[in-house]
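When the count follows this note's numbering, it moves up by one through the sequence shown with no breaks and lands on 308 for the last residue. Data block below; observations after.
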Amino acid sequence: MNENPMDPASDPSPRQGPQPRETPPAAALAVQTQQARRQCVNRYLAQSLAKKDRSRAALAVINADLMAVALPIADVLARGLANPALTIDGVQKMLPVLDTYHNLTRMIERFGQLDARIAAAHKNGKRLEQVIEKPG
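Given below as structure tokens:
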């Protein structure tokens, strides 16, 4: 038998034509993660709509909307940054998207803090106006 690795006749493995394409484990995990994150935002939205305090409900609904906007941006960033051929120029082109994502996450965090302050104020019998004012 010919032992030349470049010769197809010397290949001992049987070939049976094209194999069906399977979803790579990393891609399947990414889809599952994206779906789980979307479900989390949907649960948060449902809980927000069920709140009895209208100001906290409105704030939480806006926060859920911001989260829904941030999800696809996070996916774009993850895919772009995972590209092994990414160059410094490629990263620089992604900076506006990264900045947008950063601003969204900061707003989400700030609204979460405001919601916690409103909840604490209601527990302590304070009015909403006292909570919203900036500490000075």
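The C-beta atom is built at its ideal place from N, Cα and C for all residues, glycine as well.
{"Query": "Cβ pair count under 8 Å reaching 3, the region 266-282 against the region 210-229", "Result": "no"}
{"Query": "Between the CA atoms of R210 and G262 - distance to the nearest angstrom", "Result": "28 Å"}
{"Query": "N235, buried or exposed, once every other Cβ within 10 Å from all chains shown has been counted against 16", "Result": "buried"}
{"Query": "Nearest to Q238 (by Cα), restricted to the options R289, D287, I280 and K295", "Result": "The residue asked about is misnamed: residue 238 is Leu in this sequence, not Gln. Per the Cα distances, I280."}
{"Query": "A232, buried or exposed, once every other Cβ within 10 Å from all chains shown has been counted against 16", "Result": "buried"}
{"Query": "For P268, the nearest candidate out of Q206, L249 and H294 (CA to CA)", "Result": "L249"}
{"Query": "Alpha-carbon spacing of K265 relative to P256, whole angstroms", "Result": "16 Å"}
{"Query": "Secondary structure of P268, DSSP reduced to three states", "Result": "helix"}
{"Query": "Terminal residues of the alpha helix (DSSP H) in which N235 lies", "Result": "R226 to A254"}
{"Query": "Inter-residue CB distance, A230 and V213 (contact presumed, cutoff 8 Å)", "Result": "Rounded, the Cβ-Cβ distance is 17 Å, inconsistent with contact."}
{"Query": "Where G297 sits in the DSSP three-state scheme", "Result": "coil"}
{"Query": "Residues of its chain near I245, where Cβ-Cβ distance is below 8 Å and the 5 sequence neighbours each way are ignored", "Result": "V269, T272, Y273 and L276"}
{"Query": "T205 (DSSP reduced to helix, strand or coil)", "Result": "helix"}
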